[in-house]
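Structure record follows, encoded as structure tokens.
Protein chains: 2
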Amino acid sequence: MIIGAGFGGLAAAKALSSLPVDVTVVDARNHHTFQPLLYQVATAGLDAEDVCYPTRGVFHRQRNARVRMGQVTAIDTADRRVTLSDGGELHFDLLVVAAGAVTADFGVPGVVEHAHGLKSASDALAVRSSVLAWFEAADSDPDLVDAGALTTVIVGGGPTGVELAGGMAELIDRVLCRDHPSLDVDRARIVLVEAADRVLGSFSPRSSARARRALEKRGVELCLGRSVQTITKQRVVLDDGTIIAAGTVVWAAGVKANPLGAAIGTALDRTGRVVVGRDLAIPGHPEIFVIGDLAASPTGDGRPLPQVAPVAIQGGRHVAAAIAAQLDGRPPEAFVYRDRGSMATIGRNAAVVELHNGRTLSGWAGWVAWLGLHLVMLIGFRNRANVLVNWAWNYWTYDRGSRLILNGPAPSDRA
Amino acid sequence: MIIGAGFGGLAAAKALSSLPVDVTVVDARNHHTFQPLLYQVATAGLDAEDVCYPTRGVFHRQRNARVRMGQVTAIDTADRRVTLSDGGELHFDLLVVAAGAVTADFGVPGVVEHAHGLKSASDALAVRSSVLAWFEAADSDPDLVDAGALTTVIVGGGPTGVELAGGMAELIDRVLCRDHPSLDVDRARIVLVEAADRVLGSFSPRSSARARRALEKRGVELCLGRSVQTITKQRVVLDDGTIIAAGTVVWAAGVKANPLGAAIGTALDRTGRVVVGRDLAIPGHPEIFVIGDLAASPTGDGRPLPQVAPVAIQGGRHVAAAIAAQLDGRPPEAFVYRDRGSMATIGRNAAVVELHNGRTLSGWAGWVAWLGLHLVMLIGFRNRANVLVNWAWNYWTYDRGSRLILNGPAPSDRA
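Sequence order for the protein chains is Z and S. So in numbering that gives the first Met the number 0, spot 94 of the first sequence is number 93, and the numbers just go up one at a time. So in numbering that gives the first Met the number 0, spot 54 of the second sequence is number 53, and the numbers just go up one at a time.
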């Protein structure tokens, strides 16, 4: 049984296709979400359907796999059973927990009530609707501009925050200014708040500086070394007392382990991630593995592995190999994460790429590398073709066709 | 001022581009909806973004047009002013009311509470989520099949009902049966209820018979000559006492005039449509026009014009010409609807087409004609390209990439 249809869970399930095991993938949603591109859904560059793929479709040709939609609420390691929120109970012989991470508010008041996360397609559509609806509202009542209608505050200067800020700047500068000729769109603000003294803290200082320049060139206001004290309705208060009036607030400040990790009942590290051995199994339970964002580093050097897709994918494949070894009676090998590099895009023609061999790419070359890699990684030919059409359209026309308010203020069609 | 960004409103606004007038398009949504393809969104063949287009984007290059998002609640013909639900008031010199039609429940109890309409992208997404979520639920608990989990009842055998039934049959037979190998998908039912004794009542009896055969070939159950007495939770009761247990009920039985028509304060016909003169202006108010689904037939022969896109589009263009005539001091010409024919598709390789010269197409030829016409009519190159990608994908793979449950039972990503 595999809990989670994210990058790790799907990689494990696919790698198990040739083994004499029955695979059940359990996920609360009916689709895999390609989270690295959610920021493009939030900025109307892609449709939600472009970055999500039906989980059942992944396994049409894999005979030993089946899918169960449901949210796991409890894991009984002694009885080898999981309980679902719909009351279902499922038995397992081997378990892979790949439940990922959830948005962490770090105890800041108001995050849950007044800020959007960016972990699911629904989150991304909510951000899109909020920004567009505020522009519409300000178009009707320009006084709302003073109340922050055109301001978006993004909390967190990691890749998600940086990419969202860059995409939002392009949405506003290229599209919304043409959509709203009577609105003073120059007064639109994008404020990126980051507690550290540079963005992209996991990258080299040189890449951080490049990203910072690219953001500033696009008009993004950077609040570095500042943290958010509280968020209220249409207001973000920083630790130095600054109050920013903002129609839309996106909380991209960080994630924490899925609370399901605690349900396993084994040791957690201080961030809530599950402590695993070098084979990614939990201590004393060689039949239970934890991978991806939910697993604490098995390296023992205390440095947590980054919570990115490649770690999850490699973990999933490793677990399949470990299960194959168990079936053969061989001892499991130790998991070694091969870091091939990291990348973040700031928008049109701009990205920073750091390869594992120390080489870096930036600007247009980095951007093309970013486009290609994400296109290849997207599941499904149809999604790739649609993404290509949308990207080509966005690039040549500076337009964003997906700027629909579907969840926003819409009237009933019925009288 | 133009109320409504449907086919009629947009056609009028575009045709006014060369006249010395300022055009304001008011619509409750921020996008035009290509309603004839909503059934494909409901059956996971297209994305909502493929069949909707941002209204502001339509007018980027039209200097004399602007857009106001808002729902009109009152029209003051004496003061020439409309009131919006957000409190805004707008003055007009010339008014085109193109507010269209809304779902009519004909007084049947339970329609509003327990059935889905199919007039907006949100409606279509709700139908898609309902069908998919019921299949997931039955996959977990097969007892739900007896309770109608896999049954879809479609009320109304006009083009919308017929096209939806055909699309739903293909979704189930080609895709959902592969998604749910452990489910007895053969027990899935699609029931089409129509009060008349044939489907597609506005077509010739020969086309109706063809459509009926095509539907029956796809396993759709036809209940002709029956009407719905009441709809309760997961239950449809027909006038002969038959009770159908159904997870999803779609009400495509008909539309009525938008109640905004009554707000004009002039004569209505018995279906609520606004009585207009031969120039499409209301009696005594040459500055107020009503077009499309909301306008009663101006022909005077008592036969209402069909509530289809071509009538609205031709009406919109006629009104622009009538306004040009007014500005020139010429008398308005009478509106003449040129019926070029009608078409409905039943699914893959099957459609019925009736041309104005009496010729008919059916089967594959009809289907190709249907595809081409709808592709040409879709606004925007991007939408056309995406639709083409999705249609090609669906056709060659028998897959439906958009089967995501986005509005359905999804948990919070936050702990």
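Glycine included, every Cβ here is placed at the ideal spot set by N, Cα and C. This structure is a prediction, so every number in the text was calculated from the model and none was measured.
- Looking at 189/S, 129/S and 179/S, the one whose alpha-carbon comes closest to that of residue 152/S is 189/S.
- Look at residue 402/Z: its C-beta is under 7 Å from a C-beta on chain S.
- Put simply, the CB of residue 392/S is near chain Z, with a gap under 7 Å to one of its CB atoms.
- For residue 46/S, a Cβ of chain Z is located within less than 7 Å of the residue's own Cβ.
- Listed along chain S, the residues sitting closer than 9 Å to residue 131/Z by beta-carbon distance are 29 and 53.
- Three or more Cβ pairs closer than 8 Å define a contact, and the segment 46-64 of chain Z falls short of that threshold against the segment 91-107 of chain S.
- Per DSSP, residue 312/S has no beta bridge partner at all.
- When the alpha-carbon of residue 340/S is set against those of 318/S, 372/S, 324/S and 315/S, the nearest one is in 372/S.
- Around the beta carbon of residue 248/S, 16 or more other beta carbons lie within 10 angstroms, which makes this residue buried.
- The C-beta of residue 177/S comes closer than 7 Å to at least one C-beta of chain Z.
- Taking all protein chains shown into account, residue 232/S has fewer than 16 neighbouring C-beta atoms within 10 Å of its C-beta and is therefore exposed.
- Listed along chain S, the residues sitting closer than 7 Å to residue 85/Z by beta-carbon distance are 139.
- Around the beta carbon of residue 392/Z, 16 or more other beta carbons sit within 10 angstroms, so the residue counts as buried.
- Each residue's CA atom was taken as its position, placing residue 359/Z and residue 352/Z some 5 Å apart.
- Interface with chain S (7 Å Cβ-Cβ cutoff): residue 68/Z is included.
- Relative to the Cα of residue 336/S, the nearest Cα in the group 279/S, 164/S and 186/S belongs to 279/S.
- The C-beta separation of residue 149/Z from residue 246/Z comes to about 7 Å, placing the pair in contact by the 8 Å criterion.
- Not flagged as an interface residue toward chain Z: residue 63/S, since no C-beta distance is shorter than 7 Å.
- At a cut-off of 7 Å between C-beta atoms, residue 80/Z does not count as an interface residue with respect to chain S.
- Taking 7 Å as the threshold, the shortest C-beta distance from residue 261/Z to chain S does not fall below it.
- Burial is judged here by how many other beta carbons sit within 10 angstroms of a residue's own beta carbon; residue 112/S has fewer than 16 and is exposed.
- If the five residues before and after residue 70/S are omitted, its C-beta is found closer than 7 Å to the C-beta atoms of 27, 83 and 84, all from its own chain and listed in chain order.
- Listed along the chain, the chain Z residues whose CB falls inside 9 Å of the CB of residue 143/S amount to none; the nearest CB is some 11 Å away.
- For the segment 343-356 of chain S, the set of residues with a beta-carbon nearer than 9 Å to any beta-carbon of chain Z is empty.
- A direct Cα-to-Cα measurement between residue 219/S and residue 184/S gives close to 14 Å.
- Taking 7 Å as the cut-off, the beta carbon of residue 290/S is found no closer than this to the beta carbon of residue 6/S.
- Beta-bridge pairing by DSSP links residue 110/Z to no other residue.
- Listed in chain order, the alpha helix (DSSP H) runs fully inside the segment 227-312 of chain Z are 259-262, counting runs of at least 4 residues.
- For the segment 265-279 of chain Z, there are no residues whose beta carbon sits under 7 Å from a beta carbon of chain S.
- The alpha-carbon separation between residue 161/Z and residue 401/S amounts to approximately 29 Å.
- Cβ neighbours of residue 159/S within its own chain (closer than 7 Å, five residues either side excluded): 38, 117 and 251.
- Residue 38/S: not part of any beta strand (DSSP E); member of the alpha helix (DSSP H) spanning 37-41, first to last residue.
- Residue 214/S carries a helical assignment under DSSP once its states are collapsed to helix, strand and coil.
- Take residue 4/S, set aside five residues on each side of it, and the residues of its chain with a beta-carbon closer than 7 Å to its own are 24, 26, 31 and 54, in chain order.
- A residue is called buried once 16 or more other Cβ atoms fall within 10 Å of its Cβ, and residue 356/Z, having fewer, is exposed.
- Boundaries of the alpha helix (DSSP H) harbouring residue 167/S: 158-169, taken from the DSSP string.
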